[in-house]
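Reviewing the structure listed below.
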């Protein structure tokens, strides 16, 4: 059985959550519906995504943000 809590999936959800909420102005509820996770999980994932992106300049460049 595939465990979706593994690191690559978690990082992807975190980056998607951060980018969707902070850069594209989607609500946490909308992101939660699309990712099929709770709003609380989206909030936590957004915070993790921000840390990942801040640590990695390549991600900023890839996402085209400043």
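In my numbering, the protein residues as written are 10 to 75.
For each residue, glycine too, the CB sits at the ideal point set by N, CA and C.
Euclidean distance between Cα positions of residue i and residue j
i, j, result
"residue 52", "residue 23", "9 Å"
"residue 33", "residue 21", "16 Å"
"residue 73", "residue 28", "11 Å"
"residue 37", "residue 71", "23 Å"
"residue 19", "residue 54", "8 Å"
Buried versus exposed call for residue i [16 or more other C-beta atoms within 10 Å across all chains shown]
i, result
"residue 26", "buried"
"residue 58", "buried"
"residue 41", "buried"
Task: Inter-stretch contact (C-beta, 8 Å, three-pair minimum) for the region 58-65 and the region 32-49 - done: Not touching, per the Cβ criterion.
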